[in-house]
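The structure under discussion appears below in the form of structure tokens.
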Amino acid sequence: MDFTLSDERRMLKETADRYLIDTYTIDTRHSAAAMDGGYDPEQWVQMADLGLIGALLPPDIGGYGGTGEDIALVFESLGRALVVEPFLATGILGATPILMAGSDAQKAMLVEPLIEGRTTLAFAHGEPNGRYALTHVETRAEEIGDGWRLTGSKAVVLNGATADHLIVTARIAGEATDPDGIGLFLVARDAPGLSTRSYGTVEGGHACDITFDGTPAEAIGTPDEAAPVIEATIARALLALCSEAVGIMEVCKDMTLDYLKTRAQFGRPIGKFQVIQHRMVDLVLEIEQARSAVMLAAAHLDGPRVERERTASAAKNLIGRVGRLVAEESIQLHGGIAMTWDYALPHYAKRLVMIDHLFGDTDHHLARFQQVSKERAA
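Every letter in the sequence shown is one number past the one before it in the numbering used here, and letter 143, counting from 1, is 133.
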């Protein structure tokens, strides 16, 4: 298999890395995270101008990427800079249902402003009792006249408080865990009957809980056939998160190596002690294994459903385990400095831990891998 980047992707990677290294310091990140909504709108527009949002979307709707390789490339660069702008919430979670099921009018209204950084989306799917189940939806949708009304609540909606539009899952028929009877709906941020409670997340991100009380909504696609779209959306989000984690791990590894070369004890750098060297070698091997799993998931993202889900869960399981190892080892090898706010490493470590819990932790994806593998063998 040829892992060489095409000229276009190489240029995109170099542009993203150069811009983020030059302008997006850890202090920039802290300032952006402290703003209303948890990100800097000016940075968001500048990154859109660089093409980072368009790279996540396919050419037939105005983007110039959208493949698994494109998503992996962009999010690895975002991970290295620990970017808090809503690429996951808008470019993946929000955009995918519109691309897969949206009408021509909905695409015309949302896609171009999205690519240009003039609008943001959020995917309101998870619920307080849902855990990680993809089809656990208690929020109800009722058709009234020529429109729909939503009633229920959503939890931990990433960047939902400031999103211009919400993509909401709601049940039209069936019980809370039935795979059938789920619809996708488009809701404006200022829609009546919508209320939010926003908060910061542990690693400096931003999320909110949302309540709907007869909130007017517009259907996206066939109102009761959303389950496959939800599954594909989360698969793309898993690839994005895993790629981001690989970028973060690389930074943690490099920072730790630099520290081991400069921190002296007993008259020599601590990196010369054999036990430390062995620990770093183990860390590097685990990171390379995680990268391989992400590359495999990227290659299968647009393939058959079973292979897509199987490789995505395998990658997320491995990323969760390796990410925790990298976070713990990096902090321990740094010693006390790794617990200070002004040092960048602990912020990378917290993001790694948070990634493990987004859209299914290691245990969940081990079970899902086993389930999908049985489907594959049947």
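By construction, the Cβ of each residue, glycine as well, lies at the ideal position given by its N, Cα and C atoms.
Annotated three-state conformation of glycine 150 is coil, per DSSP. In terms of Cβ geometry, methionine 344 and valine 192 form a close pair [threshold 8 Å]. Within the model, the alpha-carbon separation for alanine 207 versus leucine 140 is close to 7 Å.
The continuous stretches of alpha helix (DSSP H) do not include proline 213, and DSSP gives it neither H nor E.
Cβ neighbours of lysine 3 within its own chain (closer than 7 Å, five residues either side excluded): Leu(-5), Leu63 and Ser67. Between the segment 145 to 165 and the segment 107 to 120 there are three or more inter-stretch CB-CB distances shorter than 8 Å, so the stretches are counted as touching.
The DSSP-derived three-state label of valine 236 is helix. By the Cβ-count criterion, isoleucine 43 is buried, with 16 or more other Cβ atoms from all chains shown falling within 10 Å of its own Cβ. The beta carbons of glycine 107 and tryptophan 34 sit closer together than 8 Å. Serine 303 carries a helical assignment under DSSP once its states are collapsed to helix, strand and coil. Cβ contact annotation for valine 101 (same chain, cutoff 6 Å, sequence separation greater than five): Ile51 and Gly52, in chain order. In the DSSP secondary-structure assignment, arginine 258 is bridged to Gln255. Of the candidates Arg161, Ile200 and Asp180, the residue whose Cα lies closest to the Cα of glycine 171 is Arg161. Here alanine 178 carries a strand assignment [DSSP, helix/strand/coil].
In the DSSP assignment, the residues bridged to lysine 144 are Ile200. The beta-carbon distance between isoleucine 210 and proline 87, rounded to whole angstroms, is 6 Å. This is short enough to meet the 8 Å contact definition. Per DSSP, leucine 63 is one residue of the alpha helix (DSSP H) stretching across 58 to 71. Ranked by Cα distance from tyrosine 54, the first of Pro218, Glu117, Ile105 and Tyr122 is Ile105. Across the set Asn149, Leu335, Ala79 and Leu83, the C-alpha of Leu83 shows the shortest separation from the C-alpha of glutamate 221.
Judged by DSSP secondary structure, serine 185 falls outside any alpha helix (DSSP H) and instead within the beta strand (DSSP E) spanning 184 to 190.
Under the DSSP assignment, arginine 366 falls in the alpha helix (DSSP H) whose first and last residues are 352 to 367.
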